[in-house]
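There are 4 protein chains.
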Amino acid sequence: MAKVLMKGNEAIAESAIRAGGLCYFCYPLTPQSEVAEYLARRMPEVGGAYLQAESEVAVSNMLYGAAGAGARAWTTSSSPGISLMMEALSYIAAAELPAVVVNIVRTGPGLGGILPSQGDYNQAVKSGGHGDYRCLVLAPSSVQEAADMMPLAFDRADRYRNPVIVVGDGMIGQMMEPVEFKQWDFPPLPAKDWATTGCKGRKPNVVNSLFLDPKAEEQVNRRLGAKYAQMKREEVRFEEYRTERAYRVLLVAYGTTARVCKTAIQRLAQENVEVALLRPTTLFPFPEERLFELSRAAEFVMSVEMSMGQMLDDVRLAVGRDKPVHFFGRQGGIVPSPEEVADAVKSHLDGRGAGA
Amino acid sequence: MAKVLMKGNEAIAESAIRAGGLCYFCYPLTPQSEVAEYLARRMPEVGGAYLQAESEVAVSNMLYGAAGAGARAWTTSSSPGISLMMEALSYIAAAELPAVVVNIVRTGPGLGGILPSQGDYNQAVKSGGHGDYRCLVLAPSSVQEAADMMPLAFDRADRYRNPVIVVGDGMIGQMMEPVEFKQWDFPPLPAKDWATTGCKGRKPNVVNSLFLDPKAEEQVNRRLGAKYAQMKREEVRFEEYRTERAYRVLLVAYGTTARVCKTAIQRLAQENVEVALLRPTTLFPFPEERLFELSRAAEFVMSVEMSMGQMLDDVRLAVGRDKPVHFFGRQGGIVPSPEEVADAVKSHLDGRGAGA
Amino acid sequence: MAKVLMKGNEAIAESAIRAGGLCYFCYPLTPQSEVAEYLARRMPEVGGAYLQAESEVAVSNMLYGAAGAGARAWTTSSSPGISLMMEALSYIAAAELPAVVVNIVRTGPGLGGILPSQGDYNQAVKSGGHGDYRCLVLAPSSVQEAADMMPLAFDRADRYRNPVIVVGDGMIGQMMEPVEFKQWDFPPLPAKDWATTGCKGRKPNVVNSLFLDPKAEEQVNRRLGAKYAQMKREEVRFEEYRTERAYRVLLVAYGTTARVCKTAIQRLAQENVEVALLRPTTLFPFPEERLFELSRAAEFVMSVEMSMGQMLDDVRLAVGRDKPVHFFGRQGGIVPSPEEVADAVKSHLDGRGAGA
Amino acid sequence: MAKVLMKGNEAIAESAIRAGGLCYFCYPLTPQSEVAEYLARRMPEVGGAYLQAESEVAVSNMLYGAAGAGARAWTTSSSPGISLMMEALSYIAAAELPAVVVNIVRTGPGLGGILPSQGDYNQAVKSGGHGDYRCLVLAPSSVQEAADMMPLAFDRADRYRNPVIVVGDGMIGQMMEPVEFKQWDFPPLPAKDWATTGCKGRKPNVVNSLFLDPKAEEQVNRRLGAKYAQMKREEVRFEEYRTERAYRVLLVAYGTTARVCKTAIQRLAQENVEVALLRPTTLFPFPEERLFELSRAAEFVMSVEMSMGQMLDDVRLAVGRDKPVHFFGRQGGIVPSPEEVADAVKSHLDGRGAGA
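Chains as they are written, first to last, in this note's numbering: chain A, 1 to 356; chain B, 1 to 356; chain C, 1 to 356; chain D, 1 to 356.
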């Protein structure tokens, strides 16, 4: 198929439809409202369900219900809206249901602003809801990758029967890039024989997250735990940039910030400062072991984020205490410039350090 | 004052009143409902405000409103109810308002069960809401300590103008122990001249978390960041147990689990296996540096939790990669027994390892 | 088509589908929940939309939204649930949108009980919401008539662009009777060119009920008033029973109560007491003029209701002050027996009067 | 006490406080928001409870709860907000609890406009909620009368254990007039021994509106019915104007419209057209018998309303069919002028009739 020029938000919407994500619930909030707008028009054409609910709490419980009925259900929102879904996400994970949640992150906390941010890393990766659950977290850094990740998100949600979060930001949502909607070829999925589809003739299916017997509840926790361990073995994804040659510094960045880092690295290379990048494309599971390996060759590691430093802890955890881990970040919706990143790298090489 | 025998939930309620926590909002949920019951009776006696709202979302926004008006506002809930407060907690932190939230944690995820758990560590410590904010997190392990921590929570909330979370569990909430309500002597607090108390004659105060100008929003993020850095310097609290003598193993545990660990340590000592315990009483900030120091003398460190291992990452972060960090946990509301903990320690000493 | 034996609630559901009522919102409440159950199964088969919302307030606003988009949208509920829709019904009427609301009335006020009642007459007929609006109100007294009235309700809702209420009761909803789904042949309806269907190429349609300019708002009120005047001219419906012969007494009753009255009349006829019945099948507009005419020949008129006397005022209004108007009613879910009704008639003929 | 110049909304607020209405719930909506503003400042001064809830649905259920606990609980809102309270009002009446609801009516239906209206007559008088219940409905036509009616409303609510509605309009709410807060001397009220005040030592009180046994529910309906019959005997209130001399025409009007009618009557008198006015100050119970008596002397009766004609039916019901009943109204927030009213009177006297 030919490439078309699309906004990230629209590419996400179109790709989700092509992946069979035909059950969509939403509540408007900048900067993700174009997804809803696009789907308001497209869903009737493809026979899908589009529903704007009365709040994000309602959205998240509709997601729970539709997922339980076997639909490929999904939603998009932005940071404060996602916070309102924390209870339901925990329920969906506990009931082992598939669901896809796209967070086009805006700057926070609170109402914050409508500009891009990476300030919801902890919420997505450490699971902002209650109890022991995890979401698979995907982080695209281009419109094409955002489009590519939607079919993957739906497939893995179904395969693991677990919520999958796609973390974008206002930059990826708003910018236009050429995008191609590819054919995907995932292995067959098991039938959704657990879904509450109406039980004519068979035993009723029950969707539940209440287990009052502690032994049974512990079993649930351990079954979930085994699933997350499997994700850690099988779902780690990342991109490496300039790791095939010698480097003095290793940057770690995802999403929009990783694009900035690549430009910064190119500029530093012109100054003969060799820098490499590890770009996680899954935030959970985090490429912990690969990061450790790559960190060995570097003088220091630097996490670059549009936040006060959230992925930073996962970077430090991977690298250990024997190698310096620095941080460079901008906040408030300000995308760091390549110059700023390059300067931060150089200041640490000089031993001057750099403010975050 | 003489000691009285009280349930933990009641001690929390009474202590909060004595600390001036006279504005209380709630929604019933086991296992924290005794707090609400107690206060329904006591609040009218002390001229306080008691309000059972229509949901935890409403509760958390009332907390936001009352805090903005300068009240010592607080709530209690349990895990799923706390998840519904994530949006408002982020708003309260962003607007730099004081508020105290007590989470009597039950087992999750989802509806889970009503038995004790430590499965909301990440939510409390990594901040389950959106954006860059942190809560000071206190973790009592006895009824007395729960009572003691309420005045501290209110004081620190006011002092930092930031939400404080007290993480209990059903065990602490339900068990009866002798408790003494002490006199506290905190340094004077600044006047709440930012509160929206009605602006007769002065310039109106505005409580806000929306900052559309990215420079202004970045300033907010950095001001908050400076506050959390100050907490890390000044608010780290922990208890050490048997660290003054030589030990082969260092346990890390908080709350109910720490009590179990102490018994396990006593039993192991009778078998001449010397084990020490670091019990964080603040989960954020985490006693990272002290844990690192104490870990140096141990053959390995073991985090003991009623979860699948959440504090574990903070323990690993503190210890680094050069010293084994093991985990022992029970889930589903099952409190680990001292024997289980002791066995887990011995199995790692034997090199057999232990399942979690 | 052959007759099938069906519950009233199911006949309403099936008939609505056949009338194109493919957009259904609901919230469960006895004694109307079978409608929702039936449609949960049937809607997917016919490609319709079935949505159980989070409350009746949500239902009524979804109705408003779907109606505005041009759908044949409808809901069913029972008394307390209908009360929660009063605001939205006023909005729907003000915005001149079609919608069908079925109220399977239960006994009230408050939670009341789940047995049949006619206690919501005033709410339906006098318009329980705010402002000058009216709903066309249909009142079936058999399963067949309930089925027949659904296509009529949808047609008139579209034709008048106004909400239509179908007032049933638990008796009609729960009893099984043979029903035939007839072919209907209504005159063509105007195109819904006012609907917000996405405005590609045309001027956007606006659905609105806010008119801040008093002249414009007065115009709206008068346009609505003209519509209700037209209903009064063209939509009055009723059944007469034994009015073709001489009678001493005229009963007025609708729904289940009218069936009881017919049996009472038959028994009274065996005692040579001639009684006639006027059964309104539209409650708004009320058959005021016909009732006045029929009342001339009677010694007195008696309104028979499962309420404390609500239609009674409309009966008195029609009859005037020069002819006695009596009332007989049972409440609390008790369906009056034919004997009770006959006794009440005879006691008034005897001049003894009868308690209600 | 000396008179002070106050807005109607403020006079209502102040008078309610002096009457002990110390438990106030609200949600902002023009044109009644000054009541809330005033009370936000005053309630803390008098130790009362002021709570802005998350919606009018929440407000009305808080009213239910506070009334059940024995408080003098009240709220104010405007038309759409009042519609959202219909369910709870029915519950409050069914549970036989006192509550005062002030409706500063704005023009409708729907969002309508913010100007004065009398379009909620039916909702208030015919009881917009479900089931057989009635509210005592008071209708002031001046700021002084609005102030006077608040103590009466609270007294009667307590005395009858039934909701009382005070129907104002934007005109009365917004205009400033001199007002005196009088001392009231009502007979002693029975103790609220049914209130859920905490049952130390006594049998628990239960506040309930669910009666599944039809006999019990019928008893509830009849007990309520007896209460409303008592209101009809004892609570009918009205003012007569120029009924002591001969008149050709009788106007019926309440609230702001009645003031306009008085001016119109004065002007008509100068033209030697004698007209009298009956001004109901209770809308339920309606002064039906007095209206009938007064109508005997008139050539015709005319109902003057800021609506499409809602009180009109009660006027027609009282007058009967043997005397013409005309209607004059303005809508959309337009207050009729005395000239318009006078012209309408004269046109009917001329036999020309008048448009509404």
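Each residue gets a CB set at the ideal place from its N, CA and C atoms; glycine is no exception.
Below-9 Å beta-carbon distance, residue i vs any chain A residue
i: residue 303(B); result: no
i: residue 40(C); result: yes
i: residue 20(C); result: no
i: residue 321(B); result: yes
Anticipated Cβ contact below 8 Å, residue i with residue j, distance rounded
i: residue 39(D); j: residue 50(D); result: 5 Å
i: residue 357(B); j: residue 267(B); result: This structure does not reach residue 357(B), given that chain B is present from 1 up to 356, and the question cannot be answered.
i: residue 177(C); j: residue 142(C); result: 6 Å
i: residue 307(B); j: residue 329(B); result: 6 Å
i: residue 362(D); j: residue 335(D); result: The structure shown does not extend to residue 362(D), since chain D spans only 1 to 356, so no value can be given for it.
i: residue 316(D); j: residue 317(C); result: 6 Å
i: residue 10(A); j: residue 34(A); result: 6 Å
C-alpha gap between residue i and residue j, whole angstroms
i: residue 351(C); j: residue 229(D); result: 22 Å
i: residue 101(B); j: residue 116(B); result: 18 Å
i: residue 356(B); j: residue 273(B); result: Unreliable positioning characterises residue 356(B) in this predicted model, as indicated by a pLDDT of 48, which lies under 50. The coordinate reading is nonetheless provided below. Whole-angstrom Cα-Cα distance: 21 Å.
i: residue 215(D); j: residue 259(C); result: 22 Å
Proximity test, Cβ basis, 9 Å: residue i and chain D
i: residue 52(B); result: yes
i: residue 61(B); result: yes
i: residue 161(C); result: no
i: residue 95(C); result: yes
i: residue 80(C); result: yes
Residue i (DSSP reduced to helix, strand or coil)
i: residue 353(A); result: coil
i: residue 61(A); result: helix
i: residue 257(D); result: helix
i: residue 286(A); result: coil
i: residue 332(A); result: coil
i: residue 56(B); result: helix
i: residue 161(D); result: coil
beta-carbon residue i near the ligand FMN non-hydrogen atom, thresh 8 Å
i: residue 353(D); result: The ligand FMN is not part of the structure shown, which contains no ligands of any sort.
Chain B contact for residue i (CB, 9 Å cutoff)
i: residue 65(D); result: yes
i: residue 292(A); result: yes
i: residue 353(A); result: no
Of the listed residues the options, nearest to residue i (C-alpha basis)
i: residue 175(A); options: 110(A), 255(A), 111(A); result: 255(A)
i: residue 206(D); options: 45(D), 69(D), 30(D), 19(D); result: 69(D)
i: residue 269(C); options: 284(C), 285(C), 283(C), 249(C); result: 249(C)
i: residue 164(D); options: 144(D), 185(D), 133(D); result: 133(D)
i: residue 204(C); options: 277(C), 145(C), 210(C), 193(C); result: 193(C)
i: residue 321(D); options: 161(C), 72(C), 292(C); result: 292(C)
i: residue 136(D); options: 158(D), 147(D), 32(D); result: 158(D)
i: residue 90(B); options: 161(B), 197(B), 149(B); result: 161(B)
i: residue 333(C); options: 104(C), 93(C), 85(C); result: 104(C)
i: residue 79(B); options: 52(B), 128(B), 58(B); result: 128(B)
i: residue 196(B); options: 16(B), 85(B), 208(B); result: 208(B)
i: residue 281(D); options: 146(D), 212(D), 346(D); result: 146(D)
i: residue 323(B); options: 312(B), 344(B), 139(B), 301(B); result: 301(B)
i: residue 73(D); options: 85(D), 232(D), 20(D), 120(D); result: 20(D)
Beta carbon proximity, residue i to chain C, threshold 9 Å
i: residue 47(A); result: yes
i: residue 356(D); result: Bear in mind that a pLDDT of 48 at residue 356(D), under 50, signals an unreliable position, so the model cannot answer this.
Quick one, which residues of the region 188-215 of chain A are near chain G if we go by CB-CB under 7 Å, in chain order? The displayed structure is made up of protein chains A, B, C and D, and chain G is not among them.
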